[in-house]
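Let me begin by presenting the structure, written as structure tokens, before commenting on it.
In full-length UniProt numbering, the protein residues as written are 1 to 336.
Next comes the structure, spelled out in structure tokens:
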């Protein structure tokens, strides 16, 4: 969980964690009997939550700041937990922490358990926007993360100020389960991966170029003319091949693979920057170039051949128990 807004999830438990992992200040505030049965059954929960926060922070030091304790206290807590489980959960070096396979599996189950506790508390307190808390990890591609999602998250965070979002903007297809993500946004048709998908939108595609490029090279009149132009293809990370450009011509769909002296890898937004600099023609989502077209920085090409789109979907693992915060974010994004 990020330092900004450790919110109710941690505020309700910080004293408890401190007591369980050896924080003297927290221990003084412990209000129930150390000898109680529940204490004997669950006296390691502070160590468990310390492990969760260290894993999410990726740093003992950052986790210690979040919990108002010290790195050495957290290190001892995790060592106790590993001893209890009989398994190594983390590999520690001077620079970073890495979860073992056992650590990743335990992290997923432990998160789910604490989410159940939060859900139980919310069921008693009432599910209002002000009381909804939790932590959601989401991975999104650069196109959506920079140009579509921010406005949606701004409205969501206003409605649910106690929810913590950890946002990874990358074009790499993360492994939701192995890497501990709750949600991911994916582009295009989804493979039969066993994941649950909810469509966010069908994003329209547009062919564009800079005005000074078209003045120099001329305006293409049909798809065949593109072979004589400088095209800016994007190489898909999943296949290693250039993404085809999608057209709708004379009532039929046409997929055309663009040639190009310059090929862009990893970040599709690169083709937009290159096109805006006058290096050629690119095909990209309307929501990315709409303002650039209005401002005259880019010009649409082959308007009559447009009309195709690619879908963006929200995916999650079906077997994972989703927290209330995650379920609320899913519904919010889908219904936006």
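By construction, the Cβ of each residue, glycine as well, lies at the ideal position given by its N, Cα and C atoms.
Check                                                                                                                          : Outcome
Secondary structure of residue 134, DSSP reduced to three states                                                               : strand
Coil, strand or helix - residue 58 by DSSP                                                                                     : coil
Alpha-carbon to alpha-carbon, residue 63 and residue 178                                                                       : 21 angstroms
Bridge partners - residue 315, DSSP secondary structure assignment                                                             : 184 and 197
Simplified DSSP assignment, three categories, for residue 288                                                                  : helix
Beta carbon of residue 203 nearer than 8 angstroms to that of residue 287                                                      : yes
Nearest residue (CA-CA) to residue 104, options 154, 87 and 188                                                                : 87
Whole-Å CB distance - residue 52 paired with residue 114, under 8 angstroms assumed                                            : 7 angstroms
Pairwise C-alpha distance: residue 98 and residue 59                                                                           : 10 angstroms
Which listed residue (112, 96 and 230) has its alpha carbon closest to that of residue 180                                     : 112
Given 8 angstroms, three or more beta-carbon pairs between the stretch 169-176 and the stretch 210-219                         : no
Touching by the beta-carbon criterion (3+ pairs, under 8 angstroms), the stretch 77-87 and the stretch 142-159                 : no
Spatial neighbours of residue 138 in its chain, beta-carbon cut-off 8 angstroms, leaving aside the 5 residues before and after : 165, 166, 167, 168, 181, 182, 183, 184, 185 and 329
Cβ separation of residue 292 and residue 205, assumed to be a contact under 8 angstroms, to the nearest whole Å                : Contact flag wrong, Cβ pair sits at about 15 angstroms.
Environment of residue 306 [buried if 16+ CB atoms lie within 10 Å]                                                            : buried
Classification of residue 33 by the beta-carbon crowding that lies within 10 angstroms, buried from 16 upward                  : The pLDDT assigned to residue 33 is 40, lower than 50, so where the model puts this residue is not dependable, and the model offers no usable value.
Option nearest residue 134 by Cα separation, candidates 161, 239, 153 and 227                                                  : 161
Whole-number beta carbon distance between residue 316 and residue 195, since they are thought to touch under 8 angstroms       : 7 angstroms
Simplified DSSP state of residue 262, which is helix, strand or coil                                                           : coil
Residue of 333, 324, 47 and 334 minimising C-alpha distance to residue 120                                                     : 324
For residue 321, three-class secondary structure by DSSP                                                                       : coil
Proximal residues to residue 300 (C-beta, below 8 angstroms), its chain only, five neighbours per side dropped                 : 206, 207, 208, 293 and 306
Rounded straight-line distance, which links the Cα of residue 281 to that of residue 46                                        : 57 angstroms
Contacting residues, own chain, Cβ-Cβ under 7 angstroms from residue 255 (five flanking each side not counted)                 : 244 and 246
Residue 52 - partner residues in DSSP beta bridges                                                                             : In DSSP, residue 52 forms no bridge with anything.
Burial state of residue 229 (16 or more Cβ within 10 Å)                                                                        : buried
Beta strand (DSSP E) segment containing residue 99, residue limits                                                             : 97-99
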